[in-house]
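Trainee: Residue numbers (my numbering): 90 to 516.
Glycine residues also receive a C-beta, built at the ideal position from the N, C-alpha and C atoms.
#1: If you draw a straight line from the C-alpha of residue 336 to the C-alpha of residue 285, how long is it?
#2: Please report how far the alpha carbon of residue 168 lies from the alpha carbon of residue 138, in whole angstroms.
#3: Since residue 228 and residue 237 should fall inside the 8 angstroms C-beta cutoff, what is the C-beta to C-beta distance between them, to a whole number of angstroms?
#4: With a Cβ-Cβ cutoff of 9 angstroms, do residue 406 and residue 192 count as a contact?
#5: Measuring only the C-alpha atoms, how far is residue 277 from residue 233?
#6: I'd like the list of long-range same chain contacts for residue 302, defined as Cβ closer than 8 angstroms, with 5 residues on each side in sequence excluded.
#7: Per DSSP, which residues does residue 196 bridge with? Please list them.
#8: Rounded to whole angstroms, what's the CA-CA distance from residue 487 to residue 333? Just pull it up for me.
#9: Let me know the secondary structure DSSP gives residue 384 once reduced to three states.
#10: Could you tell me the alpha carbon to alpha carbon distance between residue 140 and residue 165, rounded to whole angstroms?
#11: Applying the criterion that 16 or more other CB atoms from any shown protein chain within 10 Å of the CB defines a buried residue, is residue 126 buried or exposed?
#12: Applying the criterion that 16 or more other CB atoms from any shown protein chain within 10 Å of the CB defines a buried residue, is residue 241 buried or exposed?
#13: For residue 305, which residues from the same chain have a beta carbon less than 7 angstroms from its beta carbon, with the 5 sequence-adjacent residues on both sides left out?
#14: Tell whether a beta-carbon distance below 9 angstroms holds between residue 443 and residue 245.
#15: Identify which residue in 204, 351, 342, 379 has its Cα closest to the Cα of residue 457.
#16: Taking the alpha carbon of residue 480 as the point to measure from, which residue in 205, 196, 296, 409 has its own alpha carbon closest?
#17: Examine the Cβ distances between the stretch 352 to 368 and the stretch 432 to 439 and report whether three or more of them are shorter than 8 angstroms.
#18: Of the choices 220, 341, 186, 482, whose alpha-carbon is the least far from that of residue 287?
#19: Excluding five sequence neighbours on each side, which residues of the same chain lie with their C-beta closer than 7 angstroms to the C-beta of residue 275?
#20: Can you determine whether any heavy atom of the ligand HEM sits closer than 8 angstroms to the C-beta of residue 333, and answer yes or no?
In structure tokens, the structure reads:
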């Protein structure tokens, strides 16, 4: 299906984009009070007098609400009321987590502020026997101080899609370094088509992949900035070189999260997520290939960023143990529902490795290649990377990529903000 959303709906991509790839709920909560209530949007199940409230944002994918209601109705240990939230889910959830009438179970992405403010409970006990079957990145992104706080629901890797025939015609192979990507984008550009589309902002979405391709990370494991080294600065400079090459599509009718520019042949290559694959394959069939963001150089590495959604249990729930049992049932035991949620409405990778390995829709072609690339080259969000850090990093990228500013000077500014945040969080 296409990622076009009805008015007021939040897609997975929209939420991730607006929060810089993390759930900025801890930061929002500091500014958001009030009581979101607990209206029941539907559900079912049994379980005597135990009633659980499960909150979702409003997905754009047709059939997702009905699926969530179906899962809730199938649970027989408690009555599960599904609240389907249109509009600004993040702010409503932030308020709800401050209230004793908020959700028992909710979806989001982990931010360290959620842990430090005791908004979520640890879930190690419900995942311990199957923990090794989850993608390692999905465990890491939901772990703070050795405790796991969320169960991943879906994985959304982002890659570069390309038209095989266009590369063949130009005598090119899929790029394996950033220099080869720049050269390919130039070679594929003509009066009707640009070589690469990575967003109307000039490719800011490539900033963290570029950093990781150089061997860097946003933060070290001991919570130090790790994005201002010499190789990282070179990677940002390469993004400016790509932007300045005039081979990037700008001003497209839709942004990089939508496959429209690629499908309408405005660009020969596009950075976008796995969610776009059905629409792209419908248009181009076997002429489609996928590749990771290429390594900076021989000392670098190919990388694939994966976003996604995670299920949490609110620490304010009056039924914490019952909520944990429901999360265990739905997102660990019910593998048929997990595959249904990932692949029947949108197109995503189930976080369980065994499930991803046997899901029929992921067994062949570019889908299978995407699964392998995400497994071999994937990275995801660090829960200690706060919205304020992400904003400073984004400002750095804007100034370097679009304005040609000195990477060292811009990185130093972002590093100063990041250090202040780290001091606040960790002392």
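Mentor: This is what the structure holds:
#1: Here the C-alpha atom of residue 336 lies approximately 6 angstroms from the C-alpha atom of residue 285.
#2: Whole-angstrom Cα-Cα distance: 8 angstroms.
#3: Right, their Cβ atoms sit about 6 angstroms apart.
#4: Yes, they are a contact pair.
#5: So the two alpha carbons sit approximately 44 angstroms from each other.
#6: Taken in chain order, the residues that qualify are 267, 324, 382, 383, 384, 385, 389, 390, 391, 392.
#7: For residue 196, the beta-bridge partners assigned by DSSP are 400.
#8: Computed Cα separation, rounded: 13 angstroms.
#9: In the structure shown, residue 384 adopts extended strand secondary structure according to DSSP, grouped into three states.
#10: Rounded to the nearest whole angstrom, the C-alpha separation of residue 140 and residue 165 is 11 angstroms.
#11: Its pLDDT being 30, under 50, residue 126 is placed unreliably in this model, and the coordinates cannot settle the point.
#12: The C-beta of residue 241 has 16 or more other C-beta atoms within 10 Å across all chains shown, which makes the residue buried.
#13: A distance below 7 angstroms between beta-carbons, with the five flanking residues on each side excluded, links residue 305 to the following residues of its chain, in chain order: 315, 316, 318, 320, 321.
#14: Contact: no.
#15: Distance from the Cα of residue 457 is smallest, within the candidate group 204, 351, 342, 379, for 379.
#16: Measuring from the Cα of residue 480, the nearest candidate turns out to be 296.
#17: By the C-beta criterion, the stretch 352 to 368 is judged to be in contact with the stretch 432 to 439, since at least 3 inter-stretch pairs fall below 8 angstroms.
#18: Each of 220, 341, 186, 482 was checked against the Cα of residue 287, and the nearest Cα belongs to 341.
#19: Excluding residues within five positions, the ones whose Cβ falls inside 7 angstroms are 284, 334, 336.
#20: In terms of ligand content, the structure shown is empty, and the ligand HEM therefore cannot be addressed.
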